[in-house]
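Shown next, in structure tokens, is the structure this report addresses.
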Amino acid sequence: MRRIYLSLTEGTRIAFQSISTNKIRAILTTLCITIGIVSVTSMNTITDGIDRSFEDSMSALGRNVVYIEKWPWGLGGGEYKWWEYRNRPEMKLDYVEEIQSRSQYADHVAAGASRNRPVRFEDNFVESAEVVGATPNYLQSTALELEQGRFFSQDEDIRGAKVVVLGAEVVNSLFDGVSPLGKEVRIQGQKFNVIGTFEKRGEFLGLNNVDNMAAIPMGSYENIFGLRWGLQLSVRFPDETTLEEGQYEIEGIMRQIRQLDPLEENDFAINKPELFEAEFQNMTSTIYLVGIFLTGLALFVGGIGVMNIMFVSVKERTKEIGIRKAVGAKSWEILSQFLIEAIVLCLIGGVIGIVLSIGATQLINQFFVAYMSWTTVLNAVLLCSAVGVIFGFIPSYKAAKADPIESLRYE
Numbered sequence: 001m002r003r004i005y006l007s008l009t010e011g012t013r014i015a016f017q018s019i020s021t022n023k024i025r026a027i028l029t030t031l032c033i034t035i036g037i038v039s040v041t042s043m044n045t046i047t048d049g050i051d052r053s054f055e056d057s058m059s060a061l062g063r064n065v066v067y068i069e070k071w072p073w074g075l076g077g078g079e080y081k082w083w084e085y086r087n088r089p090e091m092k093l094d095y096v097e098e099i100q101s102r103s104q105y106a107d108h109v110a111a112g113a114s115r116n117r118p119v120r121f122e123d124n125f126v127e128s129a130e131v132v133g134a135t136p137n138y139l140q141s142t143a144l145e146l147e148q149g150r151f152f153s154q155d156e157d158i159r160g161a162k163v164v165v166l167g168a169e170v171v172n173s174l175f176d177g178v179s180p181l182g183k184e185v186r187i188q189g190q191k192f193n194v195i196g197t198f199e200k201r202g203e204f205l206g207l208n209n210v211d212n213m214a215a216i217p218m219g220s221y222e223n224i225f226g227l228r229w230g231l232q233l234s235v236r237f238p239d240e241t242t243l244e245e246g247q248y249e250i251e252g253i254m255r256q257i258r259q260l261d262p263l264e265e266n267d268f269a270i271n272k273p274e275l276f277e278a279e280f281q282n283m284t285s286t287i288y289l290v291g292i293f294l295t296g297l298a299l300f301v302g303g304i305g306v307m308n309i310m311f312v313s314v315k316e317r318t319k320e321i322g323i324r325k326a327v328g329a330k331s332w333e334i335l336s337q338f339l340i341e342a343i344v345l346c347l348i349g350g351v352i353g354i355v356l357s358i359g360a361t362q363l364i365n366q367f368f369v370a371y372m373s374w375t376t377v378l379n380a381v382l383l384c385s386a387v388g389v390i391f392g393f394i395p396s397y398k399a400a401k402a403d404p405i406e407s408l409r410y411e
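For the sequence shown, the working numbering begins at 1 and goes up steadily by one.
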């Protein structure tokens, strides 16, 4: 056991000595490994960021929520037959109470409508915030969370109070680190008192961007914009297990409200967030395939470079191998020495690649959501070691099986 330990430590020392002696060669060898590791870690950080962003967006929409609207969501590919839906009647605010009173499954029924409008505070403004008119239980029906302050009350909704809850992007743009609570912003030329802010969520796959939202009571929204079009109803169920039964119940209730005959088609759409799942899977599958191909190619080229350099190293040290074997070194000790050198070369390239990837992640975060986990770093280290073992084995095995007599004769 002691001999194994001493052999490995000596092999590591010799590996670093060889690398330091041939710096230019080592740099060129590790370059492709570095490129490969930057590729694989960047791909992982982007896909991890996509996964997190998607989950946050799905959480904001609510996996146990359905949305009743005039228009179906245009997902799943194919032609969107808008002309079949344009003459459908709009949703009405009265439907909220009717659905809530008739449904056995629904926990919360809320309504929302939106327009993109500027929001101003003193000299700062957001050019196109999503101004959302909402009923008081909108927060519960959509699974949104408050960062600070409160949501508006039933009384504020009824009397059309000028109060607003702002998303994270709007807060950052208007207030620059100062607490917005109690401040007055202008929407459509009218003053609104800020009573709360939403938690930062992010936007993904075209889902509602809560961070760019300014939520006001439905009463205020109706007074300013009217409710002739664009109203959306959201129905939240206790959990995902009741979603399917609840959806059929809501469909039946809506047909009763609209007084549709049994043979008539629905003149409304029931949209579910799970429709985004297939879209998301298609997109990430493409990213994964492209990423795997590119990183695999880079690591393969890097591995071939390591193999070639190790063959050169073995040839240069043929006489050294012969001397070591002549004084009693075992084949496995020679093999481990060169294998360690190959692994060290790959690990050096990997460490440089990880450092560059951390910087790349910070840069990517300026434009897109990226997340580097410790799992990604660990996988990169293991991948470097694997490349070193796989591509360093053949030259190391050749060195281990070298004839000591022939090696000593080598000039």
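Where a beta carbon is used, it is the ideal one built from N, C-alpha and C, also for glycine.
Going straight from the alpha carbon of residue i to that of residue j, what length do you get?
i    : j    : result
S357 : T41  : 6 Å
V170 : T12  : 56 Å
V66  : L294 : 40 Å
V119 : M372 : 35 Å
R115 : I50  : 27 Å
M91  : L231 : 6 Å
S53  : D176 : 24 Å
E98  : F280 : 35 Å
N308 : N209 : 52 Å
A111 : V38  : 47 Å
K272 : P136 : 22 Å
E274 : E55  : 11 Å
I352 : Y397 : 28 Å
V132 : Y221 : 8 Å
T284 : L378 : 22 Å
D48  : N365 : 12 Å
V312 : A380 : 26 Å
I292 : P395 : 27 Å
A386 : N22  : 23 Å
A298 : C384 : 12 Å
Would you decide whether residue i is buried or exposed? Buried here means 16 or more other CB atoms lie within 10 Å of its CB.
i    : result
D239 : exposed
R327 : For clarity, residue 327 is Val in the given sequence; the question names Arg instead. Exposed, since its Cβ has fewer than 16 Cβ neighbours within 10 Å.
D211 : buried
S331 : exposed
V185 : buried
F20  : In the sequence under discussion, the amino acid at residue 20 is Ser, which differs from the Phe named in the question. With fewer than 16 other Cβ atoms within 10 Å, it is exposed.
E316 : exposed
L174 : buried
G412 : Since the displayed the chain opens at 1 and closes at 411, residue 412 lies outside it and no answer follows.
G36  : buried
P262 : exposed
S413 : Lying outside 1 to 411, the shown extent of the chain, residue 413 is not represented and no answer is given.
A26  : buried
L166 : buried
Y95  : buried
S179 : exposed
I24  : exposed
What do you reckon, are the CB atoms on residue i and residue j nearer than 8 Å?
i    : j    : result
I250 : I270 : yes
I216 : V163 : yes
V306 : L335 : no
A214 : A143 : no
V235 : I68  : yes
F198 : N64  : no
K200 : A168 : yes
A402 : F338 : no
I343 : G388 : yes
T9   : T376 : no
A434 : M218 : Residue 434 cannot be examined here, being either before or after the span of the chain that is shown, 1 to 411.
F268 : K70  : yes
Strictly under 8 Å for the Cβ-Cβ distance: is residue i near chain B by that measure?
i   : result
I50 : The structure shown contains no chain B; it is built from a single protein chain.
| field | Uninterrupted beta strand (DSSP E) stretches inside the stretch 66-105 (no shorter than 3 residues) | value | none
| query | Are the stretch 278-293 and the stretch 321-333 touching by the rule of at least three beta carbon pairs closer than 8 Å? | reply | no
| Between the stretch 176-196 and the stretch 146-154, are three or more C-beta pairs nearer than 8 Å? | yes
| query | For the stretch 231-264, which segments carrying the beta strand (DSSP E) assignment without a break, of at least 3 residues, lie completely within its bounds, in sequence order? | reply | 232-236
| task | Within the stretch 169-230, note down every full alpha helix (DSSP H) run reaching 4 residues or more, in order along the chain. | result | Complete alpha helix (DSSP H) runs here, min 4: 218-225.
| message | Runs of 4 residues minimum, wholly inside the stretch 269-317: which ones carry the alpha helix (DSSP H) assignment? | response | 275-316
| field | alpha helix (DSSP H) runs wholly inside the stretch 331-370, at least 4 long, in chain order | value | 331-364
| request: Enumerate, from N- to C-terminal direction, the unbroken beta strand (DSSP E) stretches of 3 or more residues contained entirely within the stretch 128-158. | output: Runs of the beta strand (DSSP E) spanning 3 or more residues and lying entirely within the stretch 128-158 occur at 146-149, in chain order.
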